[in-house]
Structures are given as C-alpha cells and as structure tokens.
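Position in the sequence shown (from 1) plus 314 gives the number in the working numbering.
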Amino acid sequence: MKLSEKILARHLASVEQLELLVNQLLDGMQFGLQWNNQKGTGMEFSQYRTYMAGDDPRNLDWKVLARTGNYLIKESELEARIPVQVILDNSRSMLYAEEGISKFDKARLLAALAGNIVAKQGDGFKLSAFSPTSQVISQTVEKRGDIPFLYDFLTKLAPIQSWLSYKESLHAFEFLQKRSLILFFTDFYQEDENMYELLRYWRSMGHQVICLHLLGEKEKTLDFKTGNTLVDLESGKKILIGGKENKTQYQKAFRTWQAQLQEQFLQSGISYMEVLLDADEGSVLRKLLM
C-alpha cells in the first residue's frame, strides 16, 4: 500500500485511525507474517560474526576454532526466544520529511506494525523513547488486548530536541538487563558517536541489536529542486549548499559515512538495515521479520 502524506498524518492522529491503517497494511501483505525471534534477526548480513560476551558457547563453530583459533558464531544458528525491545529515536532530526513522509512518522508506523505482529504471537514487546524532560517513557505489550495501548502511546509521542549523551542514555536505559532483541529506529545523526557507543554496549551485554537507519533518497543525494540552504532541525543552524561540485562532494561524503557505520556495526556484531522513507512497509517487514 502506497502511503501519501495525508493518509499517514491522518492515521497517526488517533488510536482508531492508526489501528485501521495497521490492519489494512497487514491485510494487504500477501504473505504470512511471523516474528522469528529465535535467531534475533531474519537478515543474512554475513555467514559468521565474532563471538561476544553473552553469546551461547554452543553456537560456536568449533571446527573453525580448531582450524584457525578464531571464536566465530554462525548467524544462522537458532537461539532461545527473547523479548523484543523497540527504541525509537524521537529527536527533532527525525522530523525530516520527503514527499510529506517524515522519519518520525515512518518509524512510528513500523513500530506499530512490528508490535502488532509480536503481540499476536504472544511474545513480549516493549516500546521506549524519551520524554521532553529526558526521561524514558515506555509502553509494554504483553497480550493482544494491550495493542490499543501501544497505538495510544505512538499517537501521543512527541519529538524532543536532541538525543541524550552516552552516559545519560546508559543510565536512562539501565532497565535493559534481561537479554533481549533490540530494534533501534534512528537517522543516526548524533554527537560524539553516543548512539553507536550505546548500541555497542548493549551488544556487549549479550543483547541482539538491529539498527534500522531511516533515510530519504534526496537526503542521500542532495537532490533538492529548490533552495540552496539546509537547516539543522536540532540546532537550527543553516548550511549553504549549491553547485554540482558541492553536491558531488556531499554524495561522496555521505556514502563514506554510511559505509563506515556499516563497518562499525559489522565489527561489533550489530545488524544494520537501511529503511528509505518511500520504502514499502511490506518489504521492510519481510526483511526484518522473516
């Protein structure tokens, strides 16, 4: 289902409308969606990854260890069922939009879809974000009857100025003690790599971590037809752009930045998934949930 700006804005305005949209999207997806949290991820990022604290030693590839001395985990090995924790970056940079669809709205819709599927299977699900006072606010879904509470939480969730520092975030999310599958929705605009350090810490504690990187196609290419000024949605600073040479330099820098992110994640055992604003929700869920 192709969402327009008006459709998404209207359906994120109330619990009833969001529920209607989620049901329409799920009904329109021509496949049986089923959350597989035994693997931690349904995506094949690489055949192996490095063993980390918290991993089950039974999943080590002992033949590789004997041959090379390297402690490697097969990504395809099944693990125990674990609860799902969704962390939603609701900083102001997530208000960036293309064709009227913002990253914030896209993330909220995908969180609603994922929560619906997980809850209907009877698995634990918790969605968390920051309040304007920098406190973590959460909604837990333990059964199907709790789904409307999730929708209510998402429709009322508001953006904050910026993401917290690493130390502040670590303290705020100290409740993440039990091994979980963490889905982190973000655009990854940060200061001092505080988000990356937080994800790496969670991974070192034994959590399975998937970063869903929300991006716009124009954002990646700087292909804006009008205007020559960009505005930082968090700081309000204006940046002048213009000229083919500047655009080429920007595109190169953006590709380098994204590649570095992916390499950091790979080295840390964190799964990475790009989610474009115009991406079909069914395709995103196939990659995430299957």
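In this text, a Cβ means the ideal position worked out from N, Cα and C, and glycines have one as well.
What three-state label does DSSP hand residue i in the structure shown?
i	result
THR500	strand
GLU588	strand
ILE461	helix
ALA593	coil
SER476	coil
THR454	strand
LYS539	coil
ARG600	helix
ILE396	coil
GLU577	helix
SER549	coil
HIS521	coil
Quick one: Cα of residue i to Cα of residue j, how far?
i	j	result
GLU577	ILE584	10 Å
LYS470	TRP376	50 Å
GLU511	THR562	30 Å
GLN418	ILE451	The sequence shown places Phe at residue 418, rather than the Gln named in the question. Using only the alpha carbons, I get a separation of about 16 Å.
SER328	VAL336	12 Å
GLN504	LEU374	34 Å
LEU554	LEU536	12 Å
ALA426	ALA567	33 Å
LEU392	SER494	Because the pLDDT of LEU392 is 39, which lies under 50, any placement of that residue in the model is unreliable, and the question is left without a value.
GLN581	ASN560	32 Å
ASP341	GLU333	12 Å
GLN338	ASP437	22 Å
LEU468	ARG458	16 Å
ARG600	GLN435	16 Å
Whose C-alpha, out of the options, is nearest the C-alpha of residue i?
i	options	result
ASP501	LYS377, GLN399 and SER407	SER407
LEU528	ARG493, PHE489, SER479 and GLU595	GLU595
ILE524	LEU340, ASP370, LEU379 and VAL400	VAL400
LEU423	THR382, ASP466, LEU490 and SER445	ASP466
LYS492	ILE396, VAL378, VAL589 and LEU379	ILE396
LEU409	TYR515, ASN430, GLN338 and ASP546	ASP546
HIS521	THR543, VAL598, LEU490 and GLU330	LEU490
VAL589	ALA421, TYR515, GLU456 and GLU507	ALA421
THR447	PRO462, ALA472, THR543 and ALA433	ALA472
LYS481	ARG458, TYR515 and LYS457	TYR515
MET509	THR382, LEU575 and GLY383	LEU575
Flag this pair as yes or no: are the beta carbons of residue i and residue j separated by less than 7 Å?
i	j	result
LEU441	GLN449	no
GLY530	LEU591	yes
ILE474	ASN404	yes
LEU386	VAL398	no
LEU464	GLY429	yes
ILE461	ALA433	yes
SER483	GLU548	no
My understanding is that residue i touches residue j, with C-beta atoms under 8 Å, so please give their C-beta distance in whole angstroms.
i	j	result
GLU412	LYS532	5 Å
MET587	LEU526	5 Å
LEU402	PHE499	5 Å
PHE439	VAL455	4 Å
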